[in-house]
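Here the structure is laid out as structure tokens; the discussion comes afterwards.
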Amino acid sequence: MKPRLQTSLGQQLVLTPQLRQALHMLQLSMPELEAEINDAVESNPLLEWDESTPLSASGEVRDTGDGPDGAPADDRMDTSADPWDDHREAAWGEGGRGGTDEDGDASERIPQSETLRDHLSWQLNLSHLSPRELAIGEALVDAIDDDGYLREPLLAMAEALAPAIVCDEAEITAVLRRVQSLDPTGVGARDLGECLLLQLDALSCDTPGRDIARRAVATLIERLARLGEAGLAEALGCSTEEAATALALIRSLDPRPGSRIGGMPQDTYVVPDCSIYRQGGVWKVSLAGGRHSSLTIHRGYEQMLQHAAGTDAGYLRGRLQEARWLLKNIEARGETLLKVMHCLVREQSGFLEFGPKALRPLTLREVAAQIGMHESTVSRAVARKYVHTPRGTIALRAFFASGIDTGGGGEASSTAIQDMIRRLVEAEDPRKPLSDARLAEQLKEGGVPVARRTVAKYREALNIPSSHERVRIA
Numbered sequence: 020m021k022p023r024l025q026t027s028l029g030q031q032l033v034l035t036p037q038l039r040q041a042l043h044m045l046q047l048s049m050p051e052l053e054a055e056i057n058d059a060v061e062s063n064p065l066l067e068w069d070e071s072t073p074l075s076a077s078g079e080v081r082d083t084g085d086g087p088d089g090a091p092a093d094d095r096m097d098t099s100a101d102p103w104d105d106h107r108e109a110a111w112g113e114g115g116r117g118g119t120d121e122d123g124d125a126s127e128r129i130p131q132s133e134t135l136r137d138h139l140s141w142q143l144n145l146s147h148l149s150p151r152e153l154a155i156g157e158a159l160v161d162a163i164d165d166d167g168y169l170r171e172p173l174l175a176m177a178e179a180l181a182p183a184i185v186c187d188e189a190e191i192t193a194v195l196r197r198v199q200s201l202d203p204t205g206v207g208a209r210d211l212g213e214c215l216l217l218q219l220d221a222l223s224c225d226t227p228g229r230d231i232a233r234r235a236v237a238t239l240i241e242r243l244a245r246l247g248e249a250g251l252a253e254a255l256g257c258s259t260e261e262a263a264t265a266l267a268l269i270r271s272l273d274p275r276p277g278s279r280i281g282g283m284p285q286d287t288y289v290v291p292d293c294s295i296y297r298q299g300g301v302w303k304v305s306l307a308g309g310r311h312s313s314l315t316i317h318r319g320y321e322q323m324l325q326h327a328a329g330t331d332a333g334y335l336r337g338r339l340q341e342a343r344w345l346l347k348n349i350e351a352r353g354e355t356l357l358k359v360m361h362c363l364v365r366e367q368s369g370f371l372e373f374g375p376k377a378l379r380p381l382t383l384r385e386v387a388a389q390i391g392m393h394e395s396t397v398s399r400a401v402a403r404k405y406v407h408t409p410r411g412t413i414a415l416r417a418f419f420a421s422g423i424d425t426g427g428g429g430e431a432s433s434t435a436i437q438d439m440i441r442r443l444v445e446a447e448d449p450r451k452p453l454s455d456a457r458l459a460e461q462l463k464e465g466g467v468p469v470a471r472r473t474v475a476k477y478r479e480a481l482n483i484p485s486s487h488e489r490v491r492i493a
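Add 19 to the 1-based position in the sequence shown for my numbering, that's all there is to it.
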């Protein structure tokens with residue numbers, strides 16, 4: 020076969036640099052967008068901040084027609100009116116930052132939370148221990164989990180310390196007693212019974228119900244949750260009043276002493292990209308104001324382009340094109356986000372009114388079809404973005420939920436079903452918690468037929484323990 024040339028017609032999508040930038044900026048969150056724009060302003064001399072742009076009380080950029088040098092204002096960005104901007108400006112100042120430049124880096128002012136290991140190690144080093152005991156104690160502290168329990172067998176600890184430190188189980192037990200005397204009380208226990216006994220032993224001997232509580236924890240810990248006052252009184256041979264006092268004392272103990280240290284999460288701040296508010300009984304949406312709203316093209320360099328020639332003209336022309344692309348893509352990002360938000364508000368107005376129980380099933384494909392965009396575009400538009408609502412600051416992902424057919428021919432969202440499960444668990448008898456099968460039956464009686472395995476999946480998503488782990492002394 021002889022080689023030959025032939026032509027053919029076809030269509031192919033080509034991602035231009037401008038389109039790549041538009042897709043990239045669409046998926047950025049507000050802090051990421053501000054950082055991206057700051058980098059662009061530093062590297063492109065034809066971009067600058069228009070500090071003279073006047074702001075109205077609502078945060079809207081007023082259109083004054085021409086720029087300060089007589090140039091048209093087409094290249095300046097304009098933000099929609101936001102009823103929260105005036106409060107945000109008053110609270111945070113220019114640029115959405117609190118304080119002044121003299122305050123330093125905000126990340127340096129975030130307090131670092133102390134971990135349980137740091138807390139125990141600090142106390143251990145203040146104890147009168149030999150270097151050998153201190154090394155064993157540090158190994159024990161490293162093995163204690165966040166709840167304060169030592170899950171590792173002592174024999175395994177001895178094997179892990181060898182050959183640096185050769186010790187037996189009895190020596191490790193002696194050091195463990197010193198660790199268990201540290202704060203918080205009950206730390207270093209190997210099971211729940213030992214944890215409660217350590218806390219009871221730390222109480223004064225004349226504490227009402229202490230002795231009966233110790234006997235109950237030492238001998239009846241597995242049955243304690245189901246016995247109740249009468250059953251405990253019969254098992255220990257005491258009066259019902261004494262059993263009630265002992266149970267009240269046991270309830271006051273902490274089954275997870277380690278969670279009290281380092282349990283407070285670090286403050287995490289998010290910046291909403293838009294706001295939902297109610298005006299005249301109608302839900303409305305507006306973009307959140309940001310420093311990028313005062314971004315403009317440097318008119319001085321733009322005028323220099325008219326007189327430049329050669330290499331300088333090529334450089335300025337390229338930077339001017341980049342600046343215009345950036346401004347246009349910022350505007351396109353805002354328009355896309357507003358289209359998505361208007362659709363979400365229209366579809367999930369019940370969620371804004373009544374909370375998660377009224378969230379209807381909604382997918383990315385449905386929103387994309389309504390606003391005439393691709394599903395991937397909607398996914399980028401809601402990625403890592405938040406909205407300020409009367410119900411608080413919510414992630415845009417929270418407006419989407421899969422659906423399950425109900426008995427009446429409608430659909431219930433997975434979020435609504437999770438809210439139903441949470442309410443049922445909150446209202447259950449703590450001595451006889453509802454099993455997954457029983458939860459499925461009650462949901463079916465309420466018109467939401469779901470399988471037991473589906474209930475288990477939603478329960479685990481809500482971080483709700485299984486029924487036998489939710490048994491409480493009541």
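Even glycine gets a Cβ: it sits at the ideal position worked out from N, Cα and C.
Worksheet entry | Nearest-angstrom beta carbon gap, V160 and L173 [assumed within contact, 8 Å] | About 14 Å; that fails the 8 Å criterion.
Fill in: Exposure label - D202; buried when at least 16 CB within 10 Å
exposed
Practice prompt. With a threshold of 16 other CB atoms inside 10 Å of the CB of E248, please say whether the residue is buried or exposed.
Written response: buried
Discussion item. Between the segment 307-323 and the segment 257-276, can you find at least three pairs of beta-carbon atoms closer than 8 Å?
Written reply: no
Practice prompt. Would you mind listing the alpha helix (DSSP H) stretches within the segment 178-254 that are 4+ residues and don't spill past its ends, in chain order?
Written response: 188-199, 211-220, 229-239
Discussion item. Do L453 and L462 count as a contact pair if the criterion is CB distance below 8 Å?
Written reply: no
Worksheet item: Candidates G300, Q46, V397: which alpha carbon is nearest L371's?
Response: G300
Worksheet item: Just checking my contact of C293 with L356 at CB under 8 Å: how many whole Å lie between their CB atoms?
Response: 6 Å
Practice prompt. Could you tell me whether the Cβ atoms of A417 and S433 are closer together than 8 Å?
Written response: no
Worksheet item: Is N144 buried or exposed, if buried means 16 or more other CB atoms sit within 10 Å of its CB?
Response: exposed
Worksheet entry | Backbone CA spacing between R279 and A158 [nearest angstrom] | 21 Å
Practice prompt. Would you tell me roughly how many angstroms separate the C-alpha atoms of T238 and E213, rounded to the nearest one?
Written response: 11 Å
Worksheet entry | A342 beta carbon less than 8 Å from that of L66 | yes
Worksheet item: Under three-state DSSP, which class holds C257?
Response: coil
Discussion item. Measuring alpha carbon to alpha carbon, tell me which residue in V194, G228, W302 is nearest R270.
Written reply: G228
Fill in: Paired residues, beta bridge with E152 - DSSP
According to DSSP, which records beta bridges pairwise, E152 is partnered with nothing at all.
Worksheet item: Mind checking whether A491 and A162 have CB atoms under 8 Å apart?
Response: Here the sequence assigns Arg to residue 491, which means Ala is not the residue at that position. No.
Fill in: Own chain residues within Cβ distance below 6 Å of T226, not counting five before or after
none
Worksheet item: Does the segment 393-403 come close enough to the segment 331-346 that 3 or more CB-CB pairs lie under 8 Å?
Response: no
Worksheet item: Helix, strand or coil: which one does DSSP assign to I413?
Response: strand
Practice prompt. Go ahead and pull the three-state DSSP assignment for P36.
Written response: helix
Fill in: DSSP three-state assignment for R338, whether helix, strand or coil
helix
Worksheet item: Among R39, G29, E53, N63, which one has its Cα closest to the Cα of Q340?
Response: N63
Discussion item. Quick check on this structure: which residue in L378, G277, R478, R234 has the alpha carbon closest to the alpha carbon of E133?
Written reply: G277
Item to complete: Out of I231, R275, E241, E253, state which residue places its alpha-carbon closest to the alpha-carbon of A265.
Response: I231
Worksheet item: Whose C-beta lies closer than 8 Å to the C-beta of V397 among residues of the same chain, with five residues either side of it excluded?
Response: V359, L383, V386, A387, I390
Discussion item. Between which residues of its own chain and A183 is the CB-CB distance below 6 Å, once the five residues before and five after are set aside?
Written reply: none
Discussion item. On the criterion of 16 or more Cβ atoms from any shown chain inside 10 Å, does N348 qualify as buried, or is it exposed?
Written reply: buried
Practice prompt. Would you decide whether A175 is buried or exposed? Buried here means 16 or more other CB atoms lie within 10 Å of its CB.
Written response: exposed
Worksheet entry | First through last residue of the alpha helix (DSSP H) which encompasses I390 | 383-390
Discussion item. Taking the alpha helix (DSSP H) that R399 belongs to, which residues open and close that run?
Written reply: 394-401
Worksheet entry | Entirely enclosed alpha helix (DSSP H) segments - the segment 342-379, minimum 4 residues | 368-373
Fill in: Where S140 sits in the DSSP three-state scheme
helix
Discussion item. Taking its Cβ as the centre, do 16 or more other Cβ atoms sit within 10 Å of D58, making it buried, or is it exposed?
Written reply: exposed
Worksheet item: Under a three-way DSSP split, which group does T315 fall into?
Response: strand
Item to complete: Count the other C-beta atoms from every protein chain shown that fall within 10 angstroms of the C-beta of P380, then say buried if there are 16 or more, exposed otherwise.
Response: buried
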